[in-house]
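Below is one structure, written out as structure tokens, with a few remarks after it.
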Amino acid sequence: MKRNILFIWLPVLLILLTTACSDDFLKVDPAGKWENENYPENNEEAFSVLIGAYDLMQWNYGRDWNSAFFAKNLPADDVNAGSFASDQLPYQNIDDYVNEADNTVTTAIWEGFYKTINHCNILLARLEADNEYKEHIVAEAKAIRAWNYFELVTMYGDVPYTTEPTTMENIHRARTPKSDVYVEIENDLKEAIDVLPIKTALPANERFRISKGAAQAMLGKVYLYQEKWPLAHAVLSEVIATEGEVYDLEEDFGDVWKEVAELGSESVFEILYTSQEGYDWGNFPWSPGLHESNVHIVLMGPRGDLFGNVGAIGLIGGWGFNLPGENIGKAFEQMGDDGPRYRGSLLSEEDFLAAGGEITGETEDDFHDYDKYIRIKYSTHASESNPSAAVKELNFTTNWRLIRYADVLLMAAEAYNEDNEPAKALIELNKVRERAGLDELPEMGKDALREAIKSERQLELAFEGSRFWDLVRWGDAADVLSADGFVAGKHEHFPIPQSEISANNEIEQEDQNPGF
Amino acid sequence: MKKIRSFLEGDLLKKVKSGGRKTLTGIAIALMATFLSASVALAQDAKTVNGTVTDTQNGPLPGVNVVIKGTMQGTITDVDGNYELQASGEDVLQFSFIGFTTKEVLVGDQSTIDVTLDEETSDLDEVIVVGYGVQQKSLVTGAISSVDAEALESTSNTGVEQAMQGRTAGVTVMPTSGSPGAGAQVRIRGTNSNQTSEPLYIVDGMKVSGIENIEPGDIESIEVLKDAASSAIYGSEGGNGVVIITTKTGRAGKGVISYDMQYAIQSVDTKMELMNAQEYAQYMEEQGASVTVPSGVGTGTDWLDEIFESAPMQRHHLSFSGGGEKSAYLASVSYNQQDGVVGGDKASYERLSFRFNSDHKIKDWLKVGNTLTYSHSNRSTVGEDDEYRGVLNNALLIDPTTPVRYEIGQETSIEQEALDAGNTLLTDEQGRYYALPLNVSGEIGNPVAKMLTYNNKNTIDKLLGTLFANITPIEGLTITSRLGLDLTYDYYHQWNKKYYFSSESQNGTNTMSDNLDRYFNWLWENFATFEKRVNDHDFSVLVGYSAEKRLHPSWYLYSGPMAREGDQFAYHDYATSRKQDVVGGDLLEETMNSVFGRFSYNYLGRYMFQGSVRRDAASVFSEDDKAAIFPAASLGWIVSEEDFWGDGFIDYFKLRGSWGQNGSTSILAGTADKELWTASGLFYPTASEDGYFSGSQVDKLVNEDLKWERTEQMAFGIDMRMINRKVNLSVDYYDKTTKDLIVLAMLPLSGGVSVPYVNGGDVSNSGFEFELGYNNQFGDLNLSVNANLSTLKNEVTRLDQDAPIAGANVRGYNLTWFEEGEPIWYFNGYKTDGINAETGMPNVVDVSGDGEITSADLTKIGDPHPDFLYGANINVDYKGFDFKLFLQGSKGNDIYTAWYRPDRATSNKPKYFFTDRWTPSNRNASMPRANGTSEYIYRSDLMVQDGSYMRIKQLQFGYSLPENLINSLGLSKARVFISLDDYFTVTDYKGLDPEAGSTNSQSQGVDRGVYPIPRKTMFGLSVKF
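Protein chains in written order, with my numbering: chain A, 206 to 721; chain B, 7 to 1031.
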């Protein structure tokens, strides 16, 4: 009898079982993520995708201890790695021209540029530009892609080029000749320029977005690097034509890198960071790309082991990287530039001590890479951090000015001069000199003017990642840098990362840049 | 017989013990006895005595020898177990039968004497728990090891994982740290995967994520399913082996109260020696670094001495158990408390746990029962296993010229400047400033002061319960339905002190944070077992179905500054600003359902076959590949049962062989085939710095082809009993391959993608396992010796991509690698060939042969995997005294000294760097000249040491009070013992501890400054009422 009851209940059990058997039970939607089919589906989401690209650049240029911005500076004569000889070896090695293909910095920034590019490729493939708002975004993405490819060809020479979103199938790509990549960069920028609004037409809060002027400046730079002089000054002159309305030089050179001039008239293309988080050591998100302040600034501030009382010049202690090289200090001296530009760029030891600073180094290691100058531009200015943040080191708002108006003027000057229009060149050059508090230069021969422009670029754009690549394109790198270990025919480019060669079926060891 | 409670206990247990062997042998002997007895004359005053002899299950025992003690008179029982003989009232009848214990009964005035004989215990008759059932050990065809739970009772381990170490062959237990409450990594037959290689843990039938809060004293048995055939019944989760833990329950009969306690003092014993102040100063001078050496510094500060302290630990376990005809129960409570030998109460652990297990026979066809345990644990930790910021690491690196603290007013200018700059320097209780390092910089700070900066507590509340019903509708059929629930709240609370050690190691604000992880898992399993015996054929069939769900929401809260420093202000309502607030949260969800079956067959208890299959369908796999099938088969043959097997010294000889497949869900999320967009963490500041724009990006590259990771294992084994079963030996060999290992793809960076998981390659593990035991009795002295040894060969046999995969990163370079033809996560660096007599620098081997030393010369310099592991224990008891020795060790594994910081050239170094260094007058040196930075030293095999060790885990003397004494106190057992645990270690390793490892499986053998395993001097007491 009991057993019969049991058999009646068994089917009930079986019914219960089957409920947990259905397919629905096995379908779990991932928390917080959109599936591709329904994203991005409106203007707002399209804008988010665009922001994703800026976020990648913010990460790549400021990535902790693998910064593309810092890497661009290191091989030049205006920047020494600094700190201690053994501190952050990948940085030290680039500075000393002993970097190899497994250098983590040149590997990381390669990845950073390509992540930004692939993101733009995805945006351009997935986003249907069915209205003006989205057309603007598409144009902007093209300009971002162009800029990142330009950085790549400048630093690495021939690089894999694609406009397709990456898949498992197409991920192995051979190096494309630099000249072909330039063609694509120019096309992207031209298409962008046609659509993009001018900077002042953007809402104030969005003026970090690449505007028509920014894309024109980029294109001018791209032409300049290819020595397409007439094209270069043609497009740069369009930017200069907006002087006074859209762009101008900041009055005070010392302000250019500070918050007061953030996205100001001199800013053409700028990567934003913020101090609003008030990070401390406990909540700082070290994970890649998650922090919003410029954590690289603290690395580039004066180190307590070497400099004391830096508060006297408005700085707070940092970790001692990016010390000025001897050449840049001497160049200022030779040019008699001891005005606002000098004081906004660097100080000699003498001037630093006179201002109340102290030299506290004791051991040899403390003085590593120290050429008796202390850097001011892009340093740890106390005013650049959140005043209420307890840990100022982690809260620098300092933005990277990747292109500023002074650079546009100097590029135009160079292009005019090379295109045999010295008078126009001199006009632009003297604007820069005037702001620096220097005398206007008189008319002179093309060669002399070329040298003057070069000197002006060296001083005006010191510590901004321009110097080394200028020396390379001018063919001056060997002359200036050989004493430091530069090897002509090798160090003009960074090596293709070793991990790229080992993982990419289309790039073999023999395809590596010469000398590596 | 070892008593095992299981959900199938009743019926299945009886079944597995049936078999005809004993009966046949018994009859032969009985016949002989009859022949003998016939020749003996009958005694005087005899009367007729008769009766029936039965076994414990009331079955008649034919052929039992019934003899009048001290004579040759006797008879044997007939086929129904009946006997009849002539005996007088003073005679004592002796009942004996092979396989059963002999019983003696005084005749007295009885004329009918019925006797029940107990079976003699042999370990071969023991039943062991296998997946979804139990099995008689002699019939097991797979490779299953049992850990003697009794041995766990008197150890000083608070966690079960550590207690398993060295107890059985084929199981590697690597403590993640010596700090209180730290877990251990368990590897069964090697490291299978480059992701998780942890075995599946089953506690009372419930899958659990960890066993760290199971009280060892509550454990009845631990079984380790090592081969694929045994673990394939767990399908996609059995690939790394299975550990089945069964907890105790009550037994019918008198109630029992038992209480165990242990108290121990822990201390540190290490071979690590660092340079003293004089040696340090000289080394630095030779290195070309100028350092400050205070006058009268002498040998300076011994920082290891400063951070090590003695610390107490204690453990209490109280249990009540009992049962009647229909119900049995066990209730227990336990408490563990341990302070750290580094950090004291800053690195401490305590756990309180309750258990209530019961079962009830409600109807004769229905039995229900439950297990329920609740545990509450608190763990505090100090920094370790970190080459930058850990307390241990800093104690190793800080210069010995720095004192611990300065008397008030005696601070140096270093402290004064730091104070002037507005920094917070830590002080001791008397207000004396802890010294800032005189000669080192960066993250390295005063470790004594650093300990003050840790204010954290990890509280875990865990409720684990199962409820089951066994239904027996017809003879031989048992249907089990079992629901398991695992609810865990894992709460991590901390607040941060203000402190300053250097610009890289400072905190200028008091902040607090909370991480809360809630886990809720349920598992519902339904399975039926059908047993049938036809003549000499035994069949058993299992079919089952299960469904499970795992939910893991998490929350993160952060705020500051605190109104004031201290525990009572560490709550977010009392933050003095909302500006630093951070919140976070996520949800992880997984589901799976499975069907499984097993068929077991044996003939004559001599030839065994078993086959099983499981199909798992899981949410973590891609849309088109939601399910997979895992088959297994095994065979066994007890050769010694054959007629041709003579009466040699081998009494028992069994051959086993098995093959099977199982899997690993590894670390999948179930979305590899979908392009997903995420906005997580993607912000870009607005120009006005008053907020952010939200960004989005594609999560990672789509990989539509991602398959399950699958482990295939072939295994063979021999079990032997020799010399009257006093010696037992098992030898196993296995060859295991994990196929389609799931790895993060190594794709060209020019793809610009977040890389997906791909099926990257194969890993093979193979090895021999030996278990040898000897048990004997010499009068009152019982001796048992057990030893085990496992060899291990690990190799990555296939890698689908050209590029090896990088693992652990040490100071910016990748140290461990996953590469074809090499052991998983081997060490990579520069190979050296002695010290150049002229330069004093290492001769770096030009591996690439290009005449230059470049990064192309980086090569394999070490292997963290041991060649073999071993364990042994000796138990001796004599009258009331007992002695236990337990040792364990490994041989042939390398350890990489990763704690050293060449980027901080003035940091301290091990003493042998000084004593063995090259100098112009000591050109034939084993260590290079003084140098603090060279990659060719600090990224070379000079940093690799032999990590082999042998550790006496336990040396214990116990005394059990005589029964007549304790009976008068109402006790049934009372034992006291003293024990030295982890006390003696033999090793050449010159670091803090050869054994303490890492929580990260890619960092096995990478010593970043580990928390040493303390040695313990222990007193224990164990009583039963």
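Just so it is clear, CB atoms sit at the ideal spot from N, CA and C, and this is done for glycine as well.
Everything numeric in this text was worked out from a predicted model, so none of it was measured.
Practice problem: Measuring only between beta-carbons, confirm whether B/N800 sits less than 9 Å from chain A. | Solution: no
Quiz item: Looking only at its own chain, which residues have a Cβ that is under 6 Å from the Cβ of B/T29, when we skip the five neighbours before and after it?
Solution: Reliability fails at B/T29, whose pLDDT of 41 lies under 50, so the model's placement of it is uncertain and the value that follows must be treated cautiously. Contacts found: none.
Quiz item: Among all the DSSP beta bridges, which residues are the ones paired with A/W315?
Solution: A/W315 pairs with nothing; no bridge assigned.
Quiz item: Can you give the Cα-Cα distance for B/T582 and B/D351, rounded to whole angstroms?
Solution: 29 Å
Quiz item: DSSP on B/W924, reduced to helix/strand/coil?
Solution: coil
Quiz item: Are the C-beta of B/T939 and some C-beta of chain A separated by less than 9 Å?
Solution: yes
Exercise. Determine which residues of the stretch 341-361 of chain A have a Cβ less than 8 Å from any Cβ of chain B, and write them out in chain order.
Key: none
Practice problem: Would you list the residues sitting across from B/S1028 in a DSSP beta bridge? | Solution: B/D266 and B/R981
Exercise. Express the C-alpha separation of B/V299 and B/A287 in angstroms, rounding to a whole number.
Key: 7 Å
Quiz item: Can you tell me where the alpha helix (DSSP H) with A/R548 in it begins and where it stops?
Solution: P545 to S550
Quiz item: Identify the residues that DSSP records as bridge partners of B/Y439: which are they?
Solution: B/T433
Quiz item: Where does B/Q1008 fall in DSSP's three states?
Solution: helix
Quiz item: Is the stretch 705-719 of chain B touching the stretch 367-377 of chain A, taking contact as three or more C-beta pairs under 8 Å?
Solution: yes
Quiz item: What does a CB cutoff of less than 7 Å around B/A353 pick up in its chain, not counting 5 residues either side in sequence?
Solution: S185, P186, G346, S386, T387 and V388
Quiz item: Apart from the five residues on each side of it in sequence, which residues of its chain come closer than 8 Å, Cβ to Cβ, to A/T309?
Solution: N271 and P295
Self-check item: Collapsed DSSP secondary structure at B/Q703 in the structure displayed
Solution: strand
Self-check item: C-alpha gap between A/D716 and A/T381, whole angstroms
Solution: 11 Å
Exercise. Locate the alpha helix (DSSP H) running through A/W352, then write down its first and last residues.
Key: E337 to Y361
Quiz item: So, B/S796 versus B/L735, is the Cβ gap smaller than 9 Å?
Solution: no
Quiz item: Taking 9 Å as the CB-CB cut-off, is A/E250 touching chain B?
Solution: yes
Practice problem: To the nearest angstrom, report how far apart B/E285 and B/G451 are at their CA atoms. | Solution: 20 Å
Quiz item: If you pair each beta-carbon of the stretch 514-530 of chain B with each one of the stretch 561-572 of chain B, do three or more pairs fall below 8 Å?
Solution: yes
Practice problem: Give a yes or no on whether the minimum CB-CB distance between B/N513 and chain A is below 9 Å. | Solution: yes
Quiz item: Going straight from the alpha carbon of B/G723 to that of B/R817, what length do you get?
Solution: 45 Å
Practice problem: Please report how far the alpha carbon of B/G669 lies from the alpha carbon of A/A236, in whole angstroms. | Solution: 26 Å
Self-check item: When A/E448, A/D453, A/N709 and A/A422 are compared against A/H438, the one with the closest alpha-carbon
Solution: A/A422
Self-check item: Run of the beta strand (DSSP E) containing B/K373, from where it starts to where it stops
Solution: L372 to R385
Quiz prompt | Residues in the stretch 833-858 of chain B having any Cβ partner in chain A nearer than 9 Å | solution = none
Quiz item: Since B/E695 and A/T405 are thought to touch, with beta carbons under 8 Å apart, how far apart are those beta carbons, to the nearest angstrom?
Solution: The pair is not a contact, with the Cβ atoms about 20 Å apart (cut-off 8 Å).
Quiz item: Is the Cβ of B/T692 closer than 9 Å to any Cβ of chain A?
Solution: yes
Quiz item: For chain A, is any of its Cβ atoms less than 9 Å away from the one on B/G813?
Solution: no
Quiz item: Hey, B/A238 and B/A534 are a contact pair by Cβ (cut 8 Å); roughly how many whole angstroms apart?
Solution: About 19 Å; that fails the 8 Å criterion.
Quiz item: Per DSSP, which one or two residues make a beta bridge with B/A475?
Solution: B/V374 and B/S487
Quiz item: How many angstroms separate the CA atom of B/F774 from the CA atom of B/L961?
Solution: 28 Å
Self-check item: Length at least 4, wholly inside the stretch 801-860 of chain B: the alpha helix (DSSP H) runs in chain order
Solution: none
Quiz item: Taking just the CA atoms, how far does B/G80 sit from B/I35?
Solution: Residue confidence is low: B/I35 scores 46 on pLDDT, short of 50, so the model does not pin down where it sits. Its coordinate-derived value is still stated next. Cα to Cα, the separation comes out at about 13 Å.
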